[in-house]
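294 is the number that the numbering used here gives to position 274 of the sequence shown; each next residue is one higher, with no gaps.
First the structure, in the form of structure tokens, and then the observations on it.
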Amino acid sequence: MKEAKGISRRSLLKGATLGAAGVAAMGMFGCSPASSSAEGGSDAKGGESGKHTWEVKPEPITDIAETVDTEVLVIGAGYSGTCCALNAAENGTKVILVEKDNVPNGHGVGGTGAVGSRVLDEMGIKLDKSLEMERWVSTCGGRCRESLVGKWFRESERCMNWLLDVAESDGAKCMVTVGSRSAVHPEADCYHMISGGQTTNDNLSIANYIEYLFIAKAEETGNFELVYNSPAVQLVQDDSGKVTGAICETDNGYVQYNASKGVVLATGDVSYNDEYIDAFAPIANKVAKRLCSDQGNVGDGHNMAAWVGGAFQDGPWPTMMHPQAAAVFHGPFLFVNPDGERFMNEATWVQGKCVGTMVNGGYDHCWSIFDANFEADNTASLEHGGGMFWDSFRAVGSTYADASASHAATVEKGIESDPENYKKADTLEELLSQLDVDVDTAKATIERYNELCKAGEDTDFFKESHFLFPVEEGPFYATRVAPGLLAVVGGIHISDNFEVLDAENNPIEGLYAIGNCSGDMYAYDYPINVQGNSHGRCLVEGKCLGEQLAGVYEDVKA
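Structure follows, in structure tokens:
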């Protein structure tokens, strides 16, 4: 495996379909599929008064234009679906993968979290699995299913090493990025960013390289077929209730796929379905923007599972949020809401910044305000903190100063190219006049904050003293902090073997769910102590289920 060295967040995107402007607008979080809907989400409503869409089972579709037989049917060509298809196909199983759009749908910035790998071994990085799992469960309020999370921790290293082998065979490179040194919200150095392989086409970006790689490798097996523009609309059951296939809607009519070994739902989350968000993740209504560009994530798999008797995990479902829906950088500096008030400890993790802004700040954005010393101040802060977008996408072995220099360049570029979200002025009065804040209150807030910094103790919100940086020396800066929704990582109730379960925990025979359409791995909040664990979850669930359906899976549980 070739290792990428010293790749900055900006240089990562060279050669990808996402340009620098797209990064600033957070276009890095996904590819752009053919289908789309309004950013506000789907208006889907139940067919019967007072009932939700998922509670109203439609009449069976009978006008079938074509019937196709296979062993495994995977619905959804995202990370988990393509991974599952490859692992089943390379173990001798006939697989058909159907996708509603005309391209695979990959998300994130190309990184996958794992609690172990041969790359981490080479770097001398070893994670304490006991501690990391405890942090995970604690972040989820103790309400995730620990046996399912435990399976992920057992399988993570094996599956990551397999991914590294697959990527190496394509000539790809792997870079591991740093996490956070926070005492309260640490993030492990375990984000495996894989890119640069031989697999390529006009639609390829860092966000979806893995999906295209898995598809290419699956095609080499001779056991795999991928059908685009074929949204699955209904599952097929026999008289016993077993799921035996699914019906897809195509330009040529309905196609029924019969799957003798199982149907896999890998249809993604519900980010663009307001009905689901209102019912299960209402906090997502407070974000400034929905960042995932795959607007086809409307809960198709959730609906189909419910219509055949599948249950959902208890709500509220956890949301994955990052505060980069406007400016990318804001560091640990003073936050001021539109009322001009400070409202939280700013030196926290990405989820905390989002929730704090929306709930304690009371708005869908706030402003991070800092002075001419911000680059040096940020460098000093990274010894004690950091993590996603405060210090992120920096290779293990690079320096804190490297991160701050990259952020300083981002801020200066933003002032030129994105003046709505990046501000600069010689005086505080001039800076505040550019913001949508109560200027007099904001001036008093900054004076109070500077007094706390001078005293060396934050008696308002008790931010650690090494994160107290005054706003005194011009020029002065402000960057817009805007929470964005990446995914709703809750959903269909599943077993440890990824079977869809009913309300009494009985499996729906023949039906499985993996990736972000499935639930129980997370609850209430999304843990980020293992960076990239959502992709890591897709890897583990996809590989293990693919092997399971092919009859070759061996549980590593001692």
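Cβ atoms here follow ideal geometry from the backbone N, Cα and C, with glycine treated the same way.
7 Å Cβ cutoff met for residue i and residue j
i, j, result
"Cys103", "Leu559", "yes"
"Val576", "Arg174", "yes"
"Val520", "Gly376", "no"
"Leu93", "Ile116", "yes"
"Ala238", "Ala252", "no"
"Lys463", "Pro495", "no"
"Ser250", "Val118", "yes"
"Gly133", "Asn470", "no"
"Ser388", "His427", "no"
"Ala286", "Gly539", "no"
"Cys164", "Tyr542", "yes"
"Asp397", "Phe482", "no"
"Ala507", "Met340", "yes"
"Lys262", "Glu529", "yes"
"Asn441", "Arg362", "no"
"Tyr229", "Ser215", "yes"
"Gly199", "Gln454", "no"
"Asn323", "Thr479", "no"
"Met195", "Ala415", "yes"
"Glu467", "Ser424", "no"
"Lys281", "Glu91", "yes"
"Val491", "Thr430", "no"
"Trp327", "Lys71", "no"
Cβ distance (whole Å) where residue i is taken to contact residue j below 8 Å
i, j, result
"Tyr544", "Gly161", "4 Å"
"Val379", "Val457", "About 19 Å; that fails the 8 Å criterion."
"Pro206", "Asp384", "Not a contact, Cβ separation roughly 28 Å."
"Val135", "Leu147", "5 Å"
"Gly405", "Phe353", "The Cβ separation is near 12 Å, so there is no contact."
"Gly566", "Leu106", "7 Å"
"Gly101", "Val284", "7 Å"
"Asn549", "Arg201", "Actually they are not in contact, since the Cβ atoms of Asn549 and Arg201 sit about 12 Å apart, beyond 8 Å."
"Tyr248", "Asp89", "Actually they are not in contact, since the Cβ atoms of Tyr248 and Asp89 sit about 20 Å apart, beyond 8 Å."
"Phe413", "Val129", "7 Å"
Close-in-space but distant-in-sequence residues of the same chain around residue i (CB under 6 Å, 5 per side omitted)
i, result
"Thr640", "The requested residue 640 does not occur in the structure, where the chain is confined to residues 21 to 578."
"Glu245", "Ile116"
"Gln254", "Ile81 and Ile267"
"Trp337", "Phe300, Ala301, Val508 and Gly510"
Distance between residue j and residue i (C-alpha atoms, nearest Å)
i, j, result
"Arg557", "Asn243", "25 Å"
"Asp314", "Cys473", "43 Å"
"Gly131", "Ala208", "13 Å"
"Ile145", "Gly407", "17 Å"
"Val169", "Asp516", "9 Å"
"Asp460", "Pro358", "11 Å"
"His212", "Tyr296", "32 Å"
"Lys193", "Gln218", "11 Å"
"Gly50", "Asn317", "Low confidence applies to Gly50: its pLDDT is 41, below 50, so where it sits in the model is not reliable, and the reading given next is rough at best. The straight-line gap from Cα to Cα measures roughly 12 Å."
"Thr465", "Trp410", "23 Å"
"Glu240", "Asp259", "37 Å"
"Lys34", "Cys210", "Low local confidence applies: a pLDDT of 30 at Lys34 is under 50, so the model's placement there is unreliable, with the coordinate-based value given in what follows. Near 23 Å, if we compare the C-alpha coordinates of Cys210 and Lys34."
"Lys433", "Leu140", "34 Å"
"Met569", "Ser69", "A quick correction: the sequence has Leu, not Met, at residue 569. Cα to Cα, Leu569 sits roughly 40 Å from Ser69."
"Gln371", "Pro343", "8 Å"
"Thr419", "Gly112", "47 Å"
"Asn278", "Gln257", "10 Å"
"Pro53", "Leu402", "No answer about Pro53 holds up, because its pLDDT of 36 lies below 50 and its placement is not dependable."
"Ala304", "Cys537", "16 Å"
"Ala308", "Ala346", "8 Å"
"Asn526", "His513", "10 Å"
Residue i CB to nearest heavy atom of the ligand MG below 6 Å
i, result
"Lys483", "With respect to the ligand MG, the structure shown offers nothing to examine, as it has no ligands at all."
Neighbourhood of residue i by C-beta distance below 8 Å, restricted to the same chain and skipping five residues each side
i, result
"Asn181", "Ser137 and Arg138"
"Gly476", "Ser485 and Leu488"
"Trp369", "Ser200, Ser202, His205, Glu207, Gly407, Met408 and Ile548"
Nonlocal neighbours in the same chain, by C-beta distance under 7 Å from residue i, ignoring five residues either side
i, result
"Cys564", "Glu175 and Tyr573"
"Ala392", "Glu493, Gly494 and Pro495"
"Gly319", "Val290, Asn293 and Tyr296"
"Lys171", "Asp516"
"Cys386", "Phe355, Val356, Asn357, Thr377 and Val501"
"Ala400", "none"
Legend entry - Cβ contact (3+ pairs, closer than 8 Å) linking the region 444-455 and the region 325-339: Too few Cβ pairs lie closer than 8 Å, so no.
Legend entry - Meets three-Cβ-pair contact criterion under 8 Å: the region 256-272 and the region 81-91: A contact between stretches requires three or more CB pairs, one per stretch, nearer than 8 Å, and the region 256-272 meets this requirement with the region 81-91.
Inset, instruction - Count the CB pairs spanning the region 120-130 and the region 185-198 that are closer than 8 Å, and state whether there are at least three. - result: Touching, no, given that fewer than three Cβ pairs across the two stretches are closer than 8 Å.
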